[in-house]
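**Student:**
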Amino acid sequence: MDFKSIPGLEAGGDAADAFGSAIGAMLKSVGGLNLPVSQLTQIQADYIKNATEVWNQSLQRAQSDGTAQPARLGDRRFGANEWAANPAAAFTAQFYLLNARTLMQMAESVEGDAKAKARIRFAVQQWIDAASPSNYLALNPEAMRKAIDTKGESIAQGVRHLLEDLRKGHVSQTDESLFEVGRNVATTAGSVVFENELFQLIEYKPLTAKVHERPFLFVPPCINKYYILDLQPENSVIRYTVEQGHRTFVMSWRNPDESLVGKTWDDYIEQGPLAAIAAVQAITGAAQLNALGFCVGGTILATALAVLAARDEHPAHSLTLLTSLLDFESTGILDIFIDEAMVQMREMTIGAQAPTGPGLLKGKELATTFSFLRPNDLVWNYVVGNYLKGETPPPFDLLYWNGDSTNLPGPMYCWYLRHMYLQNDLRVPGRLTVCGEKVDLGRIKAPVFIYASREDHIVPWTAAYASVPLLGGDKRFVLGASGHIAGVINPPAKGKRSHWTNAKLPAAAEAWFDGATEHPGSWWTNWSDWLKPHGGKLVGAPKAPGSARFKAIEPAPGRYVKAKA
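Below, the structure written as structure tokens:
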């Protein structure tokens, strides 16, 4: 049977031509984009050919005596037996996948500048993922079968889940009722020994009789909560560091409310890591410490150390950067959101110069943005499971943390957008003035351990590698498997994944990888071996947290981390 002879689709070729012409006209109206006629014609021809094959195969299965092979869909959204066993559902899924491939081919064929093409691809992919038949009860045979088997209870439970998520303001990715900060996440023993209006400083109880003389300071990202580094005892980076004999301190950023709405980037540097470094030095009596920054925390920490270097102060004996950006030239998928118009819009609505005064960037907005970078995994998967099937998502500490969002002060956020993502000022010596000082990352002379994750979609590993030439001290670059979070949270005891090392640091990231050696297991041991000599000699572990001047305020994890956005 020919595709054009299907009832209602006799004019299939004309419809495809009209569809292609409409798409072409739309693209021309968006920034002068164009889809070449020759490529569009080929895409149309391939579409009609493939659509005919799908129709004929589906018709043969429908007319067979049951001996015909079920449809092979090759997509985990349609992996349940109900999809393959139901000819109508299989046909719907196959046509959806064909349409999705065709739309992405058209998006890839668009002529235009790189950012415009990336935006087209992103928008098309969002529409494709949202339009999947698996996302709709009437088109999802697996959900329909469950509704029949449970006599409608799965639908009733799905409605209950939906109403609860509407109340919370986000799609639940785990059973949040099973987690509580301080009870079964963020449980490493310690005390808050200092606080100001932006953060609490936690000192952790030693787990060894002796500790290294130089303390260790963690600077986590302020766009989410620190306990990603302290989820469970078996996967806690913080506990692992304490177990290695380091006297460990961690900044726990406050979740900003209206009282902090006017805070700037300078405030976050001066009242953040600069205050934390001074407090750690005063508590321990150590002139130097080892410091680690994770994600945005790495950007903040490196900026703070550059400010201190401009003052001829060098408190960091070593610096560790985990999935951090210092050079924002290539920021991956996040780059599609950033341009002058977008930054100006933010500045005029929540920035320091907003006509109605500065505002907050709400944590839920940030969380939603990051979720839609991977919509099938972090959005639609849970829409189907929670609402269509009425399932309660399984407990997962990392996803509980992912849903525990944080706000940001508008002025701080807008400055960060403009000077980092838009203008990429931090990499240029002397271009930025922070806390009254011209910052130059090259003046940071401490040895640096730079870690990146190979599948990171937030901080592409090649962008993390671009930090190498910016810093003045000796460098070690290590690449881990997996993504932005899972690559970092990879304890050695699990024996999972792998990491790559290469003592040479060529200019190009790809050249580094070509010469790298892959090692099974976690990168943590490589880091620990590198860090150990920087800790200095072993001394007796302190008997109590803090000092005479900095007394324990409350047990870890403290009040700040428990505040909801």
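Under my numbering, the first residue of the sequence shown is numbered 4, with each subsequent residue one higher. Note that CB positions come from ideal geometry on N, CA and C, so glycine has one too. It should be emphasised that the depicted structure is a prediction, and the values quoted were computed from it without experimental measurement.
(1) What number of angstroms, rounded off, separates the C-alpha of K31 from the C-alpha of R349?
(2) What distance in whole Å lies between the Cβ atoms of S137 and V299, which are believed to be in contact at a cut-off of 8 Å?
(3) Counting pairs of Cβ atoms below 8 Å between the stretch 409 to 424 and the stretch 317 to 325, do you hit three or more?
(4) Which term fits A511, buried or exposed, when burial requires 16 or more other beta carbons within 10 angstroms of its beta carbon?
(5) Which one of I303, E85, L106, I158 has the shortest CA to CA distance from E394?
(6) So, under 8 Å CB-CB, A568 and I447 are touching, yes? Tell me the CB distance rounded to an integer number of Å.
(7) At 3 residues or longer, what runs of the beta strand (DSSP E) sit wholly inside the stretch 514 to 566?
(8) Going by beta-carbon coordinates alone, are N84 and L391 separated by less than 9 Å?
(9) Let me check one thing: in DSSP terms, what residues is I453 bridge-paired to?
(10) For W464, does the count of other Cβ atoms within 10 angstroms reach 16, so buried, or fall short, so exposed?
(11) Looking at the strands, I want to know which residues DSSP matches up with M254.
(12) Could you tell me the alpha carbon to alpha carbon distance between L337 and A484, rounded to whole angstroms?
(13) For L363, name the three-state secondary structure that DSSP assigns.
(14) To the nearest angstrom, how far is it from the Cα of M107 to the Cα of A146?
(15) The beta strand (DSSP E) with G193 in it runs from where to where?
(16) Kindly indicate the opening and closing residues of the beta strand (DSSP E) around A150.
(17) Counting only the same chain and skipping the five closest in sequence on each side, list residues whose C-beta sits under 8 Å from that of S112.
(18) In the DSSP assignment, find the unbroken alpha helix (DSSP H) run with H215 in it and report its ends.
(19) Which value, in whole angstroms, describes the spacing of the CA atoms of I556 and W533?
(20) Output needed for P509: all residues of its chain with C-beta closer than 7 Å, excluding positions within five of it in sequence on either side, in chain order.
(21) Does DSSP put L38 in a helix, a strand or coil?
(22) For G476 and A455, which I take to be in contact (beta-carbon distance under 8 Å), what is that distance rounded to the nearest angstrom?
(23) Using a Cβ-Cβ cutoff of less than 8 Å, which residues in the same chain neighbour P358 once the five nearest sequence positions on both sides are dropped?
(24) Using DSSP bridges, identify the partner residues of K441.
(25) Evaluate P523 with the Cβ neighbour count: other Cβ atoms within 10 Å of its Cβ, from every protein chain shown; 16 or more gives buried, anything less gives exposed.
(26) Just the Cα atoms here: how many angstroms apart are R377 and D443?
(27) Can you tell me whether A88 is buried or exposed? The criterion is at least 16 other CB atoms within 10 Å of its CB, across all chains shown.
(28) Who pairs with L411 in a beta bridge, going by DSSP?
(29) For K497 and V451, I'd like the C-alpha separation in whole angstroms.
(30) Could you tell me the boundaries of the alpha helix (DSSP H) in which F297 lies?
(31) On a Cα-Cα basis, can you pick out the residue from W130, F340, V162 that is closest to L425?
(32) Rounding to the nearest angstrom, what Cα-Cα distance links N379 and C438 in this structure?
(33) Evaluate the contact criterion for the stretch 179 to 197 versus the stretch 527 to 544: three or more CB pairs, one atom per stretch, below 8 Å.
(34) State the CB to CB distance for the pair E206 and V214, rounded to an integer number of angstroms; the pair is presumed to be in contact (CB under 8 Å).
(35) According to DSSP, is A568 helix, strand or coil?
(36) Taking only the alpha-carbon atoms, compute the straight-line gap between I225 and H173 and give it to the nearest angstrom.
**Tutor:** On the basis of the supplied data:
(1) Your numbering for residue 31 matches position 28 in the sequence shown. Your numbering for residue 349 matches position 346 in the sequence shown. Because K31 sits at a pLDDT of 48, beneath the cut-off of 50, its placement in the model cannot be relied upon, and the point is left open.
(2) Indexing the sequence shown from 1 puts residue 299 at position 296. Indexing the sequence shown from 1 puts residue 137 at position 134. With a Cβ gap of about 34 Å, V299 and S137 do not count as contacting.
(3) no
(4) For the purposes of this step, residue 511 is identified with residue 508 of the sequence shown, where counting begins at 1. Classification of A511: exposed, given that the 10 Å Cβ count is below 16.
(5) Position 391 of the sequence shown, counting from 1, holds the residue named residue 394. Of the candidates I303, E85, L106, I158, the one whose C-alpha sits nearest the C-alpha of E394 is I158.
(6) Numbered from 1 along the sequence shown, position 565 holds the residue referred to as residue 568. Numbered from 1 along the sequence shown, position 444 holds the residue referred to as residue 447. Contact flag wrong, Cβ pair sits at about 33 Å.
(7) 520 to 523, 541 to 543
(8) Here residue 84 corresponds to residue number 81 of the sequence shown, with the count starting at 1. Here residue 391 corresponds to residue number 388 of the sequence shown, with the count starting at 1. Result no, Cβ atoms of N84 and L391 do not sit closer than 9 Å.
(9) Position 450 of the sequence shown, counted from the start, is the residue given in the question as residue 453. L324, F480, per the DSSP bridge assignment.
(10) Start at 1 with the first residue of the sequence shown, and residue 464 comes out as number 461. Counting Cβ neighbours within 10 Å, W464 comes out buried, since at least 16 surround it.
(11) Stepping through the sequence shown from its first residue, residue 254 is reached at position 251. According to DSSP, which records beta bridges pairwise, M254 is partnered with L204.
(12) Translated into positions along the sequence shown, residue 337 becomes position 334. Translated into positions along the sequence shown, residue 484 becomes position 481. Rounded to whole angstroms, L337 to A484 spans 21 Å at the Cα level.
(13) By 1-based counting over the sequence shown, the position of residue 363 is 360. Here L363 sits in strand by DSSP.
(14) Within the sequence shown, residue 107 is the residue found at index 104, counting from 1. Within the sequence shown, residue 146 is the residue found at index 143, counting from 1. Approximately 28 Å, taken between the alpha carbons.
(15) Position 190 of the sequence shown, counted from the start, is the residue given in the question as residue 193. Where G193 is concerned, the enclosing beta strand (DSSP E) stretches over 193 to 198.
(16) Here residue 150 refers to the residue found at position 147 of the sequence shown. Careful: A150 lies outside any beta strand (DSSP E), inside the alpha helix (DSSP H) at 144 to 152.
(17) Within the sequence shown, the letter at position 109 stands for residue 112. The answer, listed in chain order, is L38, P39, Q42, L43, I46.
(18) Taking the sequence shown and counting its residues from 1, one reaches residue 215 at position 212. Counting along the chain, no alpha helix (DSSP H) covers H215; the unbroken beta strand (DSSP E) around it starts and ends at 213 to 215.
(19) Looking up residue 556 in the sequence shown gives position 553. Looking up residue 533 in the sequence shown gives position 530. Distance between the alpha carbons of I556 and W533: 33 Å.
(20) On the sequence shown, position 506 is the one that residue 509 refers to. Excluding positions up to five away in sequence, the list reads W515.
(21) Here residue 38 corresponds to residue number 35 of the sequence shown, with the count starting at 1. L38: coil per DSSP, three-state reduction.
(22) Taking the sequence shown and counting its residues from 1, one reaches residue 476 at position 473. Taking the sequence shown and counting its residues from 1, one reaches residue 455 at position 452. About 18 Å separates the two Cβ atoms, so there is no contact after all.
(23) Mapped onto the sequence shown, residue 358 falls at position 355. Answer for P358: M351, listed in chain order.
(24) Position 438 of the sequence shown, counting from 1, holds the residue named residue 441. Answer is T436.
(25) Against the sequence shown, residue 523 aligns to sequence position 520. It counts as exposed.
(26) As a position in the sequence shown, residue 377 is number 374, starting the count at 1. As a position in the sequence shown, residue 443 is number 440, starting the count at 1. So the two alpha carbons sit approximately 35 Å from each other.
(27) The residue labelled residue 88 in the question sits at position 85 within the sequence shown. Burial is judged here by how many other beta carbons sit within 10 angstroms of a residue's own beta carbon; A88 has fewer than 16 and is exposed.
(28) Within the sequence shown, numbered from 1, the residue matching residue 411 stands at position 408. DSSP lists L364 as partners of L411.
(29) Locating residue 497 in the sequence shown gives position 494, counting from the first residue. Locating residue 451 in the sequence shown gives position 448, counting from the first residue. K497 and V451: Cα-Cα distance of roughly 26 Å.
(30) Within the sequence shown, the letter at position 294 stands for residue 297. That residue, F297, is in no alpha helix (DSSP H); its beta strand (DSSP E) goes 292 to 297.
(31) As a position in the sequence shown, residue 425 is number 422, starting the count at 1. Ranking W130, F340, V162 by Cα distance to L425 puts F340 first.
(32) As a position in the sequence shown, residue 379 is number 376, starting the count at 1. As a position in the sequence shown, residue 438 is number 435, starting the count at 1. If you take the alpha carbons of N379 and C438, they lie about 42 Å apart.
(33) Between the stretch 179 to 197 and the stretch 527 to 544, the count of C-beta pairs closer than 8 Å stays below three; the two stretches do not touch.
(34) Your numbering for residue 206 matches position 203 in the sequence shown. Your numbering for residue 214 matches position 211 in the sequence shown. Between V214 and E206 the Cβ distance is about 11 Å, and since that is not below 8 Å, they are no contact.
(35) Taking the sequence shown and counting its residues from 1, the one referred to as residue 568 is at position 565. Correct three-state label for A568: coil.
(36) For the purposes of this step, residue 225 is taken as residue 222 along the sequence shown, with counting starting at 1. For the purposes of this step, residue 173 is taken as residue 170 along the sequence shown, with counting starting at 1. Per the sequence presented here, residue 225 reads as Cys, with Ile not at that position. Going by the C-alpha atoms only, they are around 20 Å apart.
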